[in-house]
Structures are given as C-alpha cells and as structure tokens.
C-alpha cells in the first residue's frame with residue numbers, strides 16, 4: 013500500500029472528528045486573536061498555530077497533541093462549551 017493511499021483517520025469515520033477539531037481550532041483562534049484578557053496561553057497558541065501550518069499538521073493532530081494545554085486555555089477563559097467539546101474529542105478521537 014502506498015503512503016498516499018493511507019488514511020490514518022479511517023476508523024474515525026462517522027463520528028465527526030475533523031469537524032469537532034475544526035470547531036476547537038476556531039475557539040483557540042478566537043482566544044489568540046481577541047483574548048478576553050492577557051494570557052500566556054494566547055501567545056503560546058499563536059506560535060503553535062503558526063507552526064502547525066509550517067509543518068503541515070492537520071487540526072486533529074494539533075488538538076490531540078496539545079490536549080492538556082488546550083484544556084488550560086479553555087479553563088482560564090471559563091469556556092464550558094469548549095471544554096465539553098474538548099472532552100468529547102479526547103474520548104472519541106484521540
């Protein structure tokens with residue numbers, strides 16, 4: 013099987029992992045572009061988002077590899093809805 017035909021997310025079909033990761037990335041971007049208050053997490057994720065694009069990583073990869081840091085960001089901004097979505101992604105997709 014060639015490398016191009018491998019889909020590492022094949023087992024995630026039907027549970028919307030890509031869409032959920034995209035929604036989480038939108039929340040992260042909101043907090044990096046327009047944070048409610050100053051936070052070191054906002055600056056941290058500005059770098060991570062920039063690096064993700066440079067390295068060609070998809071959104072789900074970033075979310076799964078940064079789970080604890082994303083949780084800390086959402087907790088700092090008391091975003092219960094984003095925390096709930098993050099928990100769902102952690103359980104179902106990572």
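In the working numbering, the protein residues as written are 13 to 106. Cβ coordinates follow ideal geometry from the N, Cα and C atoms, glycine included.
Between residue 75 and residue 105, the gap from beta carbon to beta carbon is short of 9 Å. For residue 27, there is no enclosing alpha helix (DSSP H), since its DSSP letter is neither H nor E. With contacts defined as CB atoms closer than 9 Å, residue 80 and residue 56 fail to qualify as a contacting pair.
Here residue 87 carries a helix assignment [DSSP, helix/strand/coil]. Our two residues, residue 102 and residue 36, have alpha carbons roughly 11 Å apart in a direct line. Using a Cβ distance threshold of 9 Å, residue 70 and residue 33 count as a contacting pair. In the structure shown, residue 104 adopts helical secondary structure according to DSSP, grouped into three states. Residue 85 counts as buried, since at least 16 other C-beta atoms from the protein chains shown sit within 10 angstroms of its C-beta. Judged by DSSP in its simplified three-state form, residue 69 adopts coil rather than helix or strand.
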